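Reading through the structure tokens given below for one structure.
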Amino acid sequence: MDSWLETLAHRSMVSFREILIALGLPGRRDGSLPDLTRYLEPEQAEQAAAVSGVPADRLHAMTLRQYDGHALVLHPHRRTVNRMQLWGRNGSRYCPQCLHEHDGRWQLCWRLPWSFACTRHRILLPHACPSCNQRTCHGRVSIFRDLPPHQCPTTLKPSGALCQTDLALAPAAALREDSPVLASQRWINDLLDRVEQGQAQSLPTPQMIFNDLRALASWVLRIAEPGDFPTLDPHVEQACQDYAGDGQFSPTSAAVTAGGLTRAVHILQQGSDKTNIATLRTLLERDGERLDLMPLGDVNKRWRAHSTALQQLIWQAMDTRMANVDRLRFRSCTTRPRPPHKMNETLTTARADRVPQLLWRGWTARVLPAAGVRNIGNFRAALAVALLLPGASKRHFDPLISMLGHQAQLDVHYTLAELAQQGHDGVLTGLCEIADYLDTQPVPIDYERRRGLTGDGLLPADDWVSICTQTGVHPGQEARLLSVRRYLYQRITGNDLRQAPESLRITTAEEAGGVAVVPFRITAALLGALDEYGENYLRGLGIDEPLTWEPPADLAAGLCLPGRPVDVRRAHRLICAEGQAPAVAAKEMGVALESIRHCFEQHPPSSPWPSKSGGSWVDPSRPIARRSRLAAAQARQQAHTMLTDEFLRREYLDARKTVREIASETHLPKRLISEVLNQSGLIASREPSRKPIVDEQWLREQYIRQARTLASIATELDMSPTTLTRHLRAVGIEIRPRGGRRSVSRTELESVPPLIRPALTDRRCWGRLQRFREAMEHRTLAEASRQLGTTRSVLYAQFAALEGDLGVQLYIRPRRGESLRPTKAGQAVMDALTDNEGARPGGNTIETGIPPASRQNP
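Sequential numbering of the sequence shown, starting at 1, is according to UniProt numbering.
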């Protein structure tokens with residue numbers, strides 16, 4: 001404004017006083033003039049606009065009023081600049097070349113503390129007259145002055161004469177074309193342009209940025225040391241080193257201002273860059289003694305009036321000076337730290353509803369060191385509690401532990417310290433990222449409700465057997481069922497089994513091991529069946545939520561976490577195919593055991609795998625026991641599929657097949673088929689068959705005289721042995737006792753040579769005689785027993801019985817290196833057997849070896 005008035009007076013060829021009077025801007029009685037460049041009163045602007053024809057808003061734009069509250073702070077009544085805020089200063093810097101090019105017109109921005117260089121002429125702005133060394137545009141303005149605006153109006157003492165030095169010819173320090181000082185001035189000029197264009201409300205506002213620049217520049221200048229300004233021009237660096245002020249007020253020298261603001265601009269521009277954080281950390285170390293005496297709350301008070309961006313940089317730099325708990329509370333280990341607030345208690349409580357008692361297994365695998373930890377349960381529980389620390393207003397753990405329902409104390413301090421000492425700071429960052437995600441994104445599971453589940457009615461024995469039947473897994477004993485039930489309960493709730501309801505609680509290491517091994521024994525089919533059962537269980541409780549959930553793995557992107565990825569195929573080969581223990585396989589692969597456990601949960605084997613140690617729950621090479629629960633369950637499942645109503649009507653009613661025949665064709669138990677028929681009501685609807693007619697004389701001939709078995713006769717008559725037995729008893733035929741021992745009749749004995757008659761005490765003795773003859777053809781009894789399909793001890797016993805019946809020694813006991821040889825008596829017995837082969841008693845009814853099942857008597 002002053003410069004415009006002076007130029008207007010010179011153009012009008014009137015005095016400065018006359019132009020003021022004409023515009024209605026008279027001076028004071030002492031001849032001084034208020035600094036109109038700072039601001040105009042509304043009525044002054046209206047009157048001057050009416051006289052000059054210049055709009056009032058343009059007149060206001062010639063004053064510092066447009067920067068008020070953005071780049072400086074003006075006193076509302078005294079036309080002064082507040083020096084305590086935004087580095088306010090009096091006077092004006094100037095560019096001599098700009099004065100020369102614009103007929104002595106002064107730029108308004110030169111009065112701002114943020115102007116220290118001319119980007120057009122690449123010089124530092126002088127702040128004083130080179131002759132009188134007085135600051136320009138400082139002090140009262142006389143209405144009686146009649147000098148061109150580019151001349152110094154300072155009154156010299158004691159003469160009272162005017163300096164009148166031509167400021168357009170004043171010397172100025174030159175800057176390099178690539179000087180960071182010029183780059184910083186351009187960046188600041190862009191902020192001033194936002195203010196001038198009325199765009200000062202968008203975040204971050206220029207006022208916030210200028211406030212940050214003031215704080216950083218004064219801090220940098222106050223603790224400056226040699227080497228802090230290596231990229232600046234030499235005269236700028238020297239001026240900063242010589243500066244003795246505390247930085248509270250704006251430096252007079254443009255060189256000092258340029259040095260401080262250039263470093264401040266660089267800090268704000270670089271943001272969370274590691275080098276930039278290291279620079280701030282160096283500044284903090286120089287303030288170390290004072291910071292060590294300041295609690296974190298006071299540090300927060302010092303910087304909370306500044307922008308969020310600067311606060312984040314300060315807390316990132318403070319990270320190495322803070323305890324691990326506070327690093328989480330302030331999130332200083334992230335790129336978005338922020339101090340906690342008392343209002344965050346509600347947020348922490350809400351977050352607890354989204355966190356399980358134990359950290360999710362997938363995230364445990366990511367943050368777990370490869371060497372593992374002493375107690376994986378305590379580790380997961382401690383990190384789950386640590387998820388409640390970001391933003392927590394207090395450092396106390398007890399309330400956080402109670403929020404997750406833990407009944408025992410947890411050493412969260414120790415867990416965090418151990419991770420930090422091993423260099424795993426990325427874990428703390430990951431916890432903060434998860435906490436931010438839980439606070440801002442929807443979580444499909446209410447873990448507070450899940451923690452209240454007691455597991456009543458979860459996976460009863462019948463349901464477990466049914467699942468095993470569907471997936472081909474052996475149900476095992478009660479211990480296996482309990483381990484799977486505990487595993488499923490933990491999978492549903494995320495609870496610590498050491499604090500589970502009594503029926504599911506783990507109290508011994510053996511019980512814990514039983515649950516820990518479950519992921520290594522389940523197949524893809526079994527895990528899918530268990531998950532489906534768990535979802536149905538939740539629906540039965542009125543909970544419409546997914547069975548499991550974890551924060552997305554993308555939150556770990558860019559973080560250096562200790563967990564290592566697991567080679568799935570190699571893990572399956574080592575544990576499933578080669579039968580290695582999971583702990584041994586984990587050590588060989590260089591990963592934590594929990595990581596492999598999570599790998600098997602995410603990628604279970606698609607088919608059952610045998611285990612040399614018997615660890616697998618399914619061994620395809622071993623048949624299932626006929627009377628086992630699994631066999632019964634499988635039979636019921638097959639019956640449900642095969643024994644349809646249509647099938648039973650066709651086979652049982654129309655074809656009139658017996659239950660035995662249907663069982664033989666379907667390979668299902670007869671009792672199960674009868675049960676299904678009874679339930680379907682088909683037994684009552686089937687017309688009874690006619691009673692079979694059997695000739696009594698024929699039965700006596702076949703059963704008594706020819707000694708045929710019940711099974712062979714029943715097969716010929718197309719009836720069951722039970723029905724045939726009833727017919728025999730009905731006609732008075734005595735049933736032979738079970739077993740193959742029957743005496744040989746006198747007629748039968750007369751048909752064999754007298755030499756061997758004493759040995760025929762029953763019909764089985766003929767087989768002993770034949771085995772004796774065949775054994776003598778081999779070198780040893782061991783060789784003979786292998787060929788005959790029996791054991792050496794059995795042959796010894798049978799041959800001894802023959803020798804006892806016949807009263808002679810049948811063979812010579814061989815010595816080492818000798819072969820079996822019959823005695824003369826033995827050879828005679830062998831010859832008699834050969835000569836009378838076709839005349840053995842009973843014809844084909846006498847067994848010559850181990851009798852087939854079809855030829856045994858009932």
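For glycine and all other residues, C-beta sits at the position ideal for the given N, C-alpha and C. Please read these numbers as outputs of a predicted model, since none were measured by experiment.
Assuming the contact rule is C-beta atoms closer than 8 Å, residue 344 and residue 382 should be a hit. Round their C-beta distance to whole Å, please. The Cβ separation is near 21 Å, so there is no contact.
Inspect the CB distances between the stretch 546–559 and the stretch 505–515 and report whether three or more fall short of 8 Å. Fewer than three pairs of CB atoms, one per stretch, sit closer than 8 Å, so the stretch 546–559 makes no contact with the stretch 505–515.
On the three-state DSSP scale, how would you describe residue 850? Residue placement at residue 850 cannot be trusted, given a pLDDT of 32 that sits under 50; what the coordinates show is reported in the next sentence. Here DSSP, grouped into helix, strand and coil, assigns residue 850 to coil.
Roughly how many angstroms lie between the CA atoms of residue 90 and residue 163, to the nearest whole one? For residue 90 and residue 163, the distance between alpha carbons rounds to 20 Å.
Is it right to say residue 741 is buried, meaning 16 or more other beta carbons lie within 10 angstroms of its own, or is it exposed? Bear in mind that a pLDDT of 49 at residue 741, under 50, signals an unreliable position, so the number given afterwards is only what the model happens to contain. That one is exposed.
Start and end residues, alpha helix (DSSP H) containing residue 765: Element bounds for residue 765: 765–775.
What residues are listed by DSSP as bridge partners for residue 811? DSSP output for residue 811 lists 822 as bridge partner(s).
Beta strand (DSSP E) segments (min. 3 residues) lying fully within the stretch 376–459: Taken in chain order, the complete beta strand (DSSP E) segments of 3 or more residues contained in the stretch 376–459 number zero; there are none.
Check whether the stretch 206–213 touches the stretch 146–161, counting contact only when three or more Cβ pairs, one atom from each stretch, lie closer than 8 Å. Touching, no.
Going by DSSP, name the residue or residues bridged to residue 166. In the DSSP output, where bridge partners are listed per residue, residue 166 has 151.
Select from 265, 187, 45, 152 the residue whose C-alpha is nearest the C-alpha of residue 106. Closest in C-alpha terms to residue 106, from the list 265, 187, 45, 152, comes 152.
Could you check if residue 324 is buried or exposed, using at least 16 other CB atoms within 10 Å of its CB as the buried criterion? Under this definition residue 324 is a buried residue.
First and last residue of the uninterrupted alpha helix (DSSP H) at residue 659: Segment 659–666, the alpha helix (DSSP H) holding residue 659.
Classification of residue 933 by the beta-carbon crowding that lies within 10 angstroms, buried from 16 upward: With the chain covering 1 to 858 only, the question about residue 933 has no answer from this structure.
With a Cβ-Cβ cutoff of 9 Å, do residue 181 and residue 220 count as a contact? Not a contact, by the Cβ cut-off of 9 Å.
Please report how far the alpha carbon of residue 22 lies from the alpha carbon of residue 51, in whole angstroms. Taking the straight line from one Cα to the other gives about 7 Å.
9 Å Cβ cutoff met for residue 806 and residue 822: One thing to note: residue 806 has its Cβ no nearer than 9 Å to the Cβ of residue 822.
Is the CB-CB distance between residue 604 and residue 494 below 9 Å? For the 9 Å CB-CB criterion, residue 604 and residue 494 do not form a contact.
Use the C-beta contact count for residue 647: other C-beta atoms within 10 angstroms, 16 or more gives buried, fewer gives exposed. Exposed is the call here.
If we count Cβ pairs, one from each stretch, closer than 8 Å, do we get three or more for the stretch 516–528 versus the stretch 404–422? Put simply, the stretch 516–528 does not touch the stretch 404–422. Fewer than three CB pairs are less than 8 Å apart.
Extent of the continuous alpha helix (DSSP H) to which residue 587 belongs: Run containing residue 587: 582–589, per the alpha helix (DSSP H) assignment.
If we count the other Cβ atoms within 10 Å of its Cβ and call it buried at 16 or more, is residue 39 buried or exposed? Buried: at least 16 other Cβ atoms inside 10 Å.
Taking only the alpha-carbon atoms, compute the straight-line gap between residue 435 and residue 388 and give it to the nearest angstrom. Looking at the two C-alpha atoms, the distance is approximately 7 Å.
Where residue 277 sits in the DSSP three-state scheme: Three-state DSSP puts residue 277 in a helix.
Starting from residue 268, follow its DSSP beta bridges and name the residues at the other end. Per DSSP, none; premise fails for residue 268.
Grab me the residues of residue 4's own chain with a C-beta within less than 7 Å of its C-beta, minus the 5 sequence neighbours each way, in chain order. Only 62 meet the Cβ criterion.
Using only the alpha-carbon positions, how far apart do residue 832 and residue 780 sit? Cα-Cα distance, rounded: 23 Å.
Decide if the stretch 243–260 is in contact with the stretch 119–136; the criterion is three or more beta carbon pairs, one per stretch, under 8 Å apart. Result yes; three or more Cβ-Cβ pairs closer than 8 Å.
Between the C-alpha atoms of residue 229 and residue 239, what's the straight-line distance to the nearest angstrom? Going by C-alpha positions, residue 229 is about 10 Å away from residue 239.
Answer yes if the stretch 491–506 comes into contact with the stretch 562–581, meaning at least three C-beta pairs across the two stretches below 8 Å, and no otherwise. Too few Cβ pairs lie closer than 8 Å, so no.
Should residue 864 go down as buried or exposed, given a rule of 16 or more other Cβ atoms within 10 Å for buried? Missing from the structure shown is residue 864; the chain here goes from 1 to 858 and no further.
N-terminal and C-terminal residue of the alpha helix (DSSP H) that residue 223 is part of: Secondary structure note for residue 223: it is in no alpha helix (DSSP H), with a DSSP letter that is neither H nor E.
When the Cα atoms are used, what is the spatial distance from residue 157 to residue 98? Between residue 157 and residue 98, the C-alpha separation is close to 29 Å.
Just grab the DSSP bridge partners of residue 135 for me. Under DSSP, residue 135 shares a beta bridge with 128.
Quick one: which unbroken alpha helix (DSSP H) runs of 4-plus residues sit fully inside the stretch 174–233? Chain order, please. Entirely contained in the stretch 174–233, the alpha helix (DSSP H) runs reaching 4 residues are, in chain order, 180–196, 206–222.
Taking the straight line between their C-alpha atoms, what separation do you get for residue 568 and residue 550? Cα to Cα, the separation comes out at about 20 Å.
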